[in-house]
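S.K.:
Protein chains: 2
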Amino acid sequence: MKTFIYPDKNTWAFLSTRPNQNQENLENKVTEIFKEIQQKGDAALLKYTLLFDHVNLTTFAVNQNEIENSCSVVSENLKDAIGLAKANIEKFHRSQRQIKEPVETSKGVVCWREDRPIETIGVYIPGGTAPLFSTVLMLGIPARIAGCKEIVLCTPPNKNGEIDPVILYTAQLIGITSIHKIGGIQAIGALTLGTESIQKVDKIFGPGNQYVTAAKQMAQKLGTAIDLPAGPSELLIIVDEFSVPEFIAADLLSQAEHGDDSQVVLVSDTEAVIKAVQIALENQVKNLPRKQIALAALKNSKLILLKDLDTCIEFSNFYAPEHLILAIENSDRLIAKISNAGSVFLGKYSCESAGDYASGTNHTLPTNGYAKSYSGVSLDSFVKKITFQEITKEGLQVIGPAIELMAEAEKLIGHKNAVSIRLKTMSDV
Amino acid sequence: MKTFIYPDKNTWAFLSTRPNQNQENLENKVTEIFKEIQQKGDAALLKYTLLFDHVNLTTFAVNQNEIENSCSVVSENLKDAIGLAKANIEKFHRSQRQIKEPVETSKGVVCWREDRPIETIGVYIPGGTAPLFSTVLMLGIPARIAGCKEIVLCTPPNKNGEIDPVILYTAQLIGITSIHKIGGIQAIGALTLGTESIQKVDKIFGPGNQYVTAAKQMAQKLGTAIDLPAGPSELLIIVDEFSVPEFIAADLLSQAEHGDDSQVVLVSDTEAVIKAVQIALENQVKNLPRKQIALAALKNSKLILLKDLDTCIEFSNFYAPEHLILAIENSDRLIAKISNAGSVFLGKYSCESAGDYASGTNHTLPTNGYAKSYSGVSLDSFVKKITFQEITKEGLQVIGPAIELMAEAEKLIGHKNAVSIRLKTMSDV
């Protein structure tokens, strides 16, 4: 990690640069695979699953037997832990439901919004070394609360054609409606276009590698909504003289272990704490199973000394981190100054991994500076808010003349006529 | 308009096809112009304004003089009408503000969301034959309520280098922070990349032609958020025997006059009403100033007879219209069955043009079937919802062991350690 002592503001843009993402242009490859899925359906999916995942499947759907076996394999302890996380995630996301609140804007003119679930959604869960069942919770639970009718989960099979039992256990626990053994570009293609066995969805959620990201961009281009633009995970921590260096080092490593391209940033007004964190980092990283990944990520990472905590917040807003930990004394007093962040963790005991798993907040968050304009996934991500209006005869008499004048000024006489023809019947009587 | 009598369900996909959008690939052109803006800034903007808008400007910014002149030119009647619309739009969008509601998910674990404005936004207002000042209201008002710091408006100048006075009047009325005479790809490029005189924004709002649409897609690809995927305007009306054919015809024409590619659809359980609407359409279109446009749009449009009102709603949900008018008796009873629509108008007097101008709802809505997965523009579009959590020592003791187990099952030991190191200090004492 590099340390920057009182860096000038004109270097902040440089200090906020994210590690280079692999910019290989995958658009042609994605176009080609999508086209083949469009033409050949399942046959194309089988072909690419053999090619990329090295498994010769006969069917993608996970059957009831596989699910039941999974449930018997997962330990009771882990089931309890997942149960606790589920309850908290449910509680927090249920609190996001909105009540219909009609507003009478003018006399006789009543407007309101009502939520409707997005009917069919896709949930992508990456494969790889670890089974990311926590993401099944984070996407499946709000989808269920929203009332989505179909929740289609896709995740790549291992070389034996299997899916990790904890993923299957979690998926059945929260009521995912169908589970398919398919990953990568071909999974996103199937969810976008639909095939014989995998249904086309209205919106696709979930993380993934560069292939999945490129495929989700194509899905969006073709009219299927996506959750968020993707990017590697990030954490910015603001510390002061009261912070515990060992806690901070553990938090930084928890994010650094995600991938070579993860970025962790430490910002402080106290040089001594920065140094103490560095020492703690060196001690802790030694024993980390994913040490090589964490060390690679730490290379991209920065320790920044700034003149006071207000400047630290200012830098954080400039950076717009996915995760922000305010590991400082009386962190509450800085809340109002936070303008750009995905999810914020306050105080000594709010470690970022709590939000990844079990506190109740969602862990699907904007990265790469997108926190300036995007919110993380919430119940809102699974619904549409439809506006309604009911205008009475009297209501139209109140606002009608204004509509006529405005439509005329915009030279849209058809718009004006729709009001005039109604008002005329009133004056006729 | 073509009439379809009791069409079979397997024809619904065909009946829901939107008119072909101009699919000319503009990506290369957009890439080229964006690159030039990136390299040459304002000089590139001036060049393209001369090339596309045929005006040789020296500066883009609208000055105070121009604004003051505009205010004196707009009639008092129109000012009053705009004032009424402004008050209603404010009232409805203010009601969308959310109050912070902390939830204690587990004992000692408190989570909540807080809204923060997107700091800088761009508002694009198209040029052309009509000054779309109503869109200035629809985008500027919620931006102001949200608290966006910078609201940058771009709109193309006419051949004299001027902007319509009603647009300027409306922009100053609601507190747009800067107004620039620039349109098309070059305007969206400037808002995406920033130049000497136009500031880079976090999110771009507003309608536009195929060039603007292609440029907004590029903006999104480069990391600037956009409001909605674009498409031509649409209206679906459901009528029954109680509907007034003349009102319905006027509503259909109000949408048909938008553009050749607008689409209007009439769905009913009563053949006689469909016929009566057709006659009324023929009568009314004759006198419409934008008759040619309306007639072209009507060519794409459909009259559909279905067996009952439930089937009409089912078709509407399948179609997912931008605007839906339920011009039927007791329309309220069908509300719960609506699952996909941008904005819904209930009853005899709720004409669609009310929502375009003055009832209070927003007129920036999902088209082209996007109502299945997107909401229209609302206060939400101008804010990010940041999640916060504060976990006490006791709180971490409650949820910590679950986090440790789950992190271990995902093979993310760094995530586990962040909890363990904290729990250890508690058991040590």
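From first to last, the protein sequence lines stand for chains A and B. Here the first sequence stands for residues 1 to 429, where the numbers follow this note's numbering. Here the second sequence stands for residues 430 to 858, where the numbers follow this note's numbering. Beta carbons: idealized from backbone N, C-alpha and C, even for Gly.
Please determine if the segment 371-385 of chain A and the segment 339-352 of chain A are in contact, where contact requires at least 3 C-beta pairs separated by less than 8 Å.
M.R.: yes
S.K.: Look at A407 of chain A and G369 of chain A and say whether their C-beta atoms are less than 7 Å apart.
M.R.: By 1-based counting over the first sequence, the position of residue 407 of chain A is 407. By 1-based counting over the first sequence, the position of residue 369 of chain A is 369. No; because the gap between Cβ atoms is not below 7 Å, this pair is not in contact.
S.K.: What residues in the segment 827-838 of chain B bring their beta carbon closer than 9 Å to a beta carbon of chain A?
M.R.: V827, I828, G829, P830, A831, I832, E833, L834, M835, A836, E837 and A838
S.K.: Note down the Cα distance separating A490 of chain B from V383 of chain A, rounded to an integer number of angstroms.
M.R.: Working through the second sequence from its first residue, we reach residue 490 of chain B at position 61. Working through the first sequence from its first residue, we reach residue 383 of chain A at position 383. The alpha-carbon atoms of A490 of chain B and V383 of chain A are separated by roughly 40 Å.
S.K.: Would you mind listing the beta strand (DSSP E) stretches within the segment 293-352 of chain A that are 3+ residues and don't spill past its ends, in chain order?
M.R.: 302-305, 323-327 and 343-346
S.K.: Establish whether the CB of E27 of chain A and some CB of chain B are separated by less than 7 Å.
M.R.: Your numbering for residue 27 of chain A matches position 27 in the first sequence. Cβ-Cβ to chain B under 7 Å: no for E27 of chain A.
S.K.: Are the C-beta atoms of A354 of chain A and some chain B residue less than 7 Å apart?
M.R.: Within the first sequence, residue 354 of chain A is the residue found at index 354, counting from 1. Chain B contact via Cβ: present.
S.K.: Going straight from the alpha carbon of R144 of chain A to that of F747 of chain B, what length do you get?
M.R.: Locating residue 144 of chain A in the first sequence gives position 144, where the first residue counts as 1. Locating residue 747 of chain B in the second sequence gives position 318, where the first residue counts as 1. If you take the alpha carbons of R144 of chain A and F747 of chain B, they lie about 22 Å apart.
S.K.: K372 of chain A touches chain B at which residues, Cβ-Cβ below 8 Å?
M.R.: Residue mapping note: residue 372 of chain A aligns to position 372 of the first sequence, counting from 1. Here the neighbours are I547, E548, D631 and K813.
S.K.: Taking C-beta pairs closer than 7 Å, name the residues in chain D that H415 of chain A reaches, listed in chain order.
M.R.: The chain labelled as chain D is not found among the protein chains of the depicted structure, namely A and B.
S.K.: List the DSSP bridge partners of L236 of chain A.
M.R.: If you number the first sequence from 1, residue 236 of chain A lands on position 236. Paired residues: A:V265 and A:L324.
S.K.: With a cut-off of 8 Å on the beta carbons, I'd call L834 of chain B and L852 of chain B a contact; round off their distance for me.
M.R.: Start at 1 with the first residue of the second sequence, and residue 834 of chain B comes out as number 405. Start at 1 with the first residue of the second sequence, and residue 852 of chain B comes out as number 423. Between L852 of chain B and L834 of chain B the Cβ distance is about 13 Å, and since that is not below 8 Å, they are no contact.
S.K.: Taking the straight line between their C-alpha atoms, what separation do you get for L682 of chain B and L597 of chain B?
M.R.: Taking the first residue of the second sequence as 1, we reach residue 682 of chain B at position 253. Taking the first residue of the second sequence as 1, we reach residue 597 of chain B at position 168. So the two alpha carbons sit approximately 29 Å from each other.
S.K.: Who are the neighbours of D310 of chain A on chain B, taking C-beta pairs under 7 Å?
M.R.: Here the question's residue 310 of chain A lines up with position 310 in the first sequence. Near D310 of chain A there are no residues of chain B at all, since even the closest Cβ is about 17 Å away, more than 7 Å.
S.K.: Is the Cβ of T534 of chain B closer than 7 Å to any Cβ of chain A?
M.R.: Locating residue 534 of chain B in the second sequence gives position 105, where the first residue counts as 1. With 7 Å as the cut-off, T534 of chain B counts as an interface residue toward chain A.
S.K.: Determine which residues of the segment 339-353 of chain A have a Cβ less than 9 Å from any Cβ of chain B, and write them out in chain order.
M.R.: Within the segment 339-353 of chain A, the residues whose Cβ lies closer than 9 Å to some Cβ of chain B are S339, N340, A341, G342, S343, V344, F345, L346, G347, K348, Y349, S350, C351, E352 and S353, listed in chain order.
S.K.: So, using beta-carbon positions, are P531 of chain B and V539 of chain B closer together than 7 Å?
M.R.: Taking the second sequence and counting its residues from 1, the one referred to as residue 531 of chain B is at position 102. Taking the second sequence and counting its residues from 1, the one referred to as residue 539 of chain B is at position 110. Cβ distance < 7 Å, so P531 of chain B and V539 of chain B count as in contact.
S.K.: Please list the segments of the beta strand (DSSP E) lying wholly inside the segment 536-598 of chain B, counting only runs of 3 or more residues, in order along the chain.
M.R.: 538-546, 549-553 and 579-584
S.K.: Quick check on H609 of chain B: does DSSP put it in helix, strand or coil?
M.R.: Your numbering for residue 609 of chain B matches position 180 in the second sequence. The answer is strand: DSSP assigns H609 of chain B an E or B state.
S.K.: I'd like to know whether the C-beta of D115 of chain A is nearer than 7 Å to at least one C-beta of chain B.
M.R.: For the purposes of this step, residue 115 of chain A is identified with residue 115 of the first sequence, where counting begins at 1. By this cut-off, D115 of chain A is not an interface position.
S.K.: Answer with buried or exposed for H93 of chain A, where buried requires no fewer than 16 other C-beta atoms within 10 angstroms of its C-beta.
M.R.: Sequence index remark: in the first sequence, residue 93 of chain A carries index 93 (1-based). Buried, since its Cβ has 16 or more Cβ neighbours within 10 Å.
S.K.: For R719 of chain B, count neighbouring C-beta atoms within 10 Å of its own C-beta (all shown protein chains included) and say buried if the count is 16 or more, exposed if not.
M.R.: One-based indexing of the second sequence puts residue 719 of chain B at position 290. The residue is buried, with at least 16 neighbouring Cβ atoms inside 10 Å.
S.K.: Tell me, to the nearest whole angstrom, how far the beta carbon of Y786 of chain B is from that of S563 of chain B; I am working on the premise that it is less than 8 Å.
M.R.: The residue labelled residue 786 of chain B in the question sits at position 357 within the second sequence. The residue labelled residue 563 of chain B in the question sits at position 134 within the second sequence. Yes, Y786 of chain B and S563 of chain B are in contact; Cβ-Cβ is about 5 Å, under 8 Å.
S.K.: What residue does the alpha helix (DSSP H) around I5 of chain A start on, and which one ends it?
M.R.: If you number the first sequence from 1, residue 5 of chain A lands on position 5. No alpha helix (DSSP H) contains I5 of chain A, which is instead part of the beta strand (DSSP E) from K2 to I5.
S.K.: Which residues in the same chain have their Cβ closer than 7 Å to the Cβ of I828 of chain B, if we skip the five residues on either side of it in sequence?
M.R.: Working through the second sequence from its first residue, we reach residue 828 of chain B at position 399. Here the set comprises S535 and V538.
S.K.: With DSSP collapsed to three states, give me the class of T793 of chain B.
M.R.: Sequence index remark: in the second sequence, residue 793 of chain B carries index 364 (1-based). T793 of chain B: coil per DSSP, three-state reduction.
S.K.: Which residues of the segment 28-39 of chain A have a Cβ closer than 7 Å to any Cβ of chain B? Give them in chain order.
M.R.: none
S.K.: Could you check how far apart the C-beta atoms of I742 of chain B and L717 of chain B are, in whole angstroms? I think they sit under 8 Å.
M.R.: For the purposes of this step, residue 742 of chain B is taken as the residue at position 313 of the second sequence. For the purposes of this step, residue 717 of chain B is taken as the residue at position 288 of the second sequence. Wrong, their Cβ atoms sit about 30 Å apart, outside the cutoff.
S.K.: Compare the C-beta of S375 of chain A with all C-beta atoms of chain B and state if any pair is closer than 7 Å.
M.R.: Translated into the one-based positions of the first sequence, residue 375 of chain A becomes position 375. Interface residue, yes.
S.K.: I'd like to know whether the C-beta atoms of I238 of chain A and T224 of chain A end up nearer to each other than 7 Å.
M.R.: Translated into positions along the first sequence, residue 238 of chain A becomes position 238. Translated into positions along the first sequence, residue 224 of chain A becomes position 224. No. Outside cutoff.
S.K.: Kindly indicate which three-state DSSP category F205 of chain A falls into: helix, strand or coil?
M.R.: Position 205 of the first sequence, counting from 1, holds the residue named residue 205 of chain A. F205 of chain A: strand per DSSP, three-state reduction.
S.K.: Considering only residues of the same chain and omitting the five flanking positions on each side of S698 of chain B, which have a CB-CB separation below 7 Å?
M.R.: Looking up residue 698 of chain B in the second sequence gives position 269. Per the sequence presented here, residue 698 of chain B reads as Asp, with Ser not at that position. Excluding positions up to five away in sequence, the list reads D669, L735, K736, D737, L738 and C741.
S.K.: Taking CB distances under 7 Å as the criterion, tell me whether Q818 of chain B reaches chain A.
M.R.: Here residue 818 of chain B corresponds to residue number 389 of the second sequence, with the count starting at 1. Yes, Q818 of chain B counts as interfacial toward chain A.
S.K.: Consider the Cβ of S381 of chain A: report whether some Cβ of chain B lies at a distance smaller than 7 Å.
M.R.: In the first sequence, the residue the question calls residue 381 of chain A occupies position 381. It does not: the Cβ of S381 of chain A has no partner Cβ on chain B nearer than 7 Å.
S.K.: At the 7 Å Cβ level, is E700 of chain B part of the contact set with chain A, yes or no?
M.R.: Here residue 700 of chain B is taken as the residue at index 271 of the second sequence, counted from 1. Taking 7 Å as the threshold, the shortest C-beta distance from E700 of chain B to chain A does not fall below it.
S.K.: Would the segment 464-484 of chain B and the segment 607-624 of chain B be scored as touching if the rule is three or more Cβ pairs under 8 Å?
M.R.: yes
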